[in-house]
Amino acid sequence: MGWFGGGFIFGLMLIPILLGFARFFGLYACVGECKAHVFTLFGKVIGTLDQPGLQIPVFKFGPRALLVPFFGKSYVVDTSLRQHYLRSQMVNSEEGTPMGVGIWYEMRVTDPVSYLFTNANPDGSLQANVTSSTISTLSNLEMEKMLEDRHSLSRTVRKTVSPLSEKWGYTLGSVYIRKVAFTDRLMVDNITEKVVKRLVQVTSAMKQDGENRVGLIKSETAFRVSQKMAEASASRPKIVGKALNEIAAADPEILNTVLTVMEVDTLIESNAEVDLLPDSSNVLIQVGEGAGRER
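Residues in the sequence shown are numbered consecutively from 1, following the UniProt record's numbering.
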């Protein structure tokens with residue numbers, strides 16, 4: 001039992017050692033996600049492993065893969081998506097205004113061999129190429145176009161940079177001109193002042209236009225109301241006359257009573273002075289303020 005336990009422990013210690021020797025002699029390679037292994041022998045590239053998982057170089061490159069640990073080298077290249085942001089790249093507009101431009105772009109290594117051996121510094125070269133292309137595309141453009149047409153300008157930069165980046169093993173993804181800013185503080189203050197004044201003018205114009213519209217609506221409403229009131233006043237005599245004719249046709253006595261009531265009501269509303277005389281009086285009575293007067 002003791003020999004079995006010791007053998008088991010010795011086996012557990014021996015497995016990592018054997019795997020280490022196998023990896024050293026190139027018997028297998030563990031390719032990670034978004035990684036690529038480039039194998040060279042006597043200064044020449046013999047192949048690339050870019051499929052994730054456990055790979056056997058001998059099955060892919062033949063017996064010469066066994067000589068790589070002694071007479072060659074294995075390179076590991078990261079093929080994942082990378083993103084970069086270049087800040088405050090200086091350009092001049094058509095008006096001569098100095099402006100700072102921020103450029104965001106993404107790239108991925110699609111040809112590990114070209115990435116390793118075509119350019120000594122592919123990252124720096126790509127960054128310089130994106131910068132120079134952006135400056136050449138945006139320089140001497142109108143300020144309005146530079147501020148508003150960033151999407152089309154971004155596509156132009158990507159179209160310019162892509163052919164050269166592919167020679168270095170890159171595939172350039174999205175390119176976006178993210179920020180366009182003024183670098184001259186005095187100019188920023190002047191533009192801000194002009195914008196504020198323009199906003200005040202626009203606000204005043206909008207307020208005055210609103211007041212004019214409200215006044216117009218009020219006047220139109222008052223005109224329509226007065227028109228309807230006039231129509232109602234004009235139709236009142238016709239309606240009253242029609243009603244009186246109907247009453248007269250039905251009973252003349254009722255008509256006389258209604259007319260008397262209307263006459264009395266009119267006298268009361270007019271605040272006129274009314275002198276009442278008895279029916280049996282045969283003497284002329286002078287009506288005055290000092291005489292007997294009844295209202």
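Even for Gly, the Cβ is constructed at its ideal location relative to N, Cα and C.
As assigned by DSSP and simplified to three states, the class of residue i
| i | result |
| --- | --- |
| Ala232 | helix |
| Phe42 | coil |
| Ser93 | coil |
| Ala120 | coil |
| Leu81 | coil |
| Gly241 | helix |
| Gln51 | coil |
| Tyr141 | Per the sequence presented here, residue 141 reads as Leu, with Tyr not at that position. Three-state result, Leu141: coil. |
| Tyr115 | helix |
| Ile56 | coil |
| Glu273 | coil |
| Gly210 | helix |
Reference residue i; option with closest CA among the options
| i | options | result |
| --- | --- | --- |
| Lys83 | Leu67, Val196 and Thr171 | A small correction: the amino acid at residue 83 is Gln; Lys does not occupy that position in the sequence shown. The shortest C-alpha separation from Gln83 is found at Thr171. |
| Thr137 | Met107, Ser125, Met90 and Ser174 | Met90 |
| Met143 | Thr48, Val196, Trp104 and Asn92 | Asn92 |
| Ile191 | Gly53, Thr48 and Thr97 | Thr97 |
Euclidean distance between Cα positions of residue i and residue j
| i | j | result |
| --- | --- | --- |
| Arg58 | Thr118 | A quick correction: the sequence has Val, not Arg, at residue 58. Going from the Cα of Val58 to the Cα of Thr118 covers about 27 Å. |
| Ile177 | Ala120 | 27 Å |
| Leu86 | Ala65 | 42 Å |
| Ile17 | Leu164 | 46 Å |
| Ser88 | Gly43 | 41 Å |
| Gln51 | Glu193 | 60 Å |
| Ile46 | Glu106 | 29 Å |
| Met229 | Ile268 | 25 Å |
| Ser152 | Gly72 | 47 Å |
Same chain, Cβ closer than 6 Å to residue i, neighbours up to 5 away in sequence not counted
| i | result |
| --- | --- |
| Gly169 | Val109, Asp111, Ser114 and Tyr115 |
| Val157 | Ser133, Thr134, Thr137 and Val175 |
Own chain partners of residue i with C-beta closer than 7 Å, once the 5 adjacent residues on each side are dropped
| i | result |
| --- | --- |
| Ala248 | Leu255 |
*If you pair each beta-carbon of the stretch 32 to 41 with each one of the stretch 69 to 79, do three or more pairs fall below 8 Å?*
yes
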